[in-house]
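In what follows, a structure is listed as structure tokens, so that the remarks can point back to it.
In the numbering used here, the protein residues as written are 1 to 137.
Put into structure tokens, the structure is as follows:
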């Protein structure tokens, strides 16, 4: 399994194994008040080789304070392909959307999303929360 892309975006969804992404690359958010839901999603595109031989894989995305690495919130998902015969060597691109928009941040600061996939290097994507209004991209 290989990570091809990951980023914070205004919104994302998946239709027919295609990622639909709006406003990719968000790195700063300026809510007027705290605590606040962060209001952005996290998108990842995986390349999965030997799809028919893969077992279920637990994937997680955590939001944590960057300096202290204290977790704020986490979402986990299981990636599995039960409908595909377990003998094929097919490679497939798999888009994933994590609905991080509902994670609550209690104060301004430097945060990071940490994507954990077994066998793949840890990925950290920064997100700055500052008082103000609206998104800055």
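Note that CB positions come from ideal geometry on N, CA and C, so glycine has one too.
For residue j and residue i, the rounded distance between their alpha carbons
i: residue 103; j: residue 90; result: 35 Å
i: residue 36; j: residue 74; result: 16 Å
i: residue 31; j: residue 59; result: 29 Å
i: residue 136; j: residue 26; result: Any reading at residue 136 is ruled out, since the residue's pLDDT is 49, under 50, leaving its predicted position unreliable.
i: residue 44; j: residue 126; result: 15 Å
i: residue 101; j: residue 38; result: 5 Å
i: residue 41; j: residue 12; result: 6 Å
i: residue 120; j: residue 130; result: 31 Å
i: residue 105; j: residue 61; result: 15 Å
i: residue 118; j: residue 107; result: 31 Å
i: residue 34; j: residue 132; result: 11 Å
i: residue 123; j: residue 98; result: 14 Å
i: residue 112; j: residue 65; result: 6 Å
i: residue 24; j: residue 55; result: 30 Å
i: residue 6; j: residue 116; result: 12 Å
i: residue 10; j: residue 4; result: 19 Å
Reference residue i; option with closest CA among the options
i: residue 57; options: 100, 42 and 77; result: 77
i: residue 110; options: 93, 128, 96 and 20; result: 128
i: residue 20; options: 95, 113 and 107; result: 95
i: residue 48; options: 116, 112, 114 and 93; result: 93
i: residue 28; options: 8, 17, 46 and 22; result: 8
- Message: To test your reading of the DSSP string, which unbroken beta strand (DSSP E) runs of 3 or more residues are found completely within the segment 9-65?
- Response: 18-24, 41-48 and 57-65
- Task: Counting only runs of 3+ residues fully inside the segment 85-136, write out the beta strand (DSSP E) ranges in chain order.
- Result: Taking only runs of at least 3 residues, the beta strand (DSSP E) segments lying wholly in the segment 85-136 are 92-98, 109-116 and 123-129.
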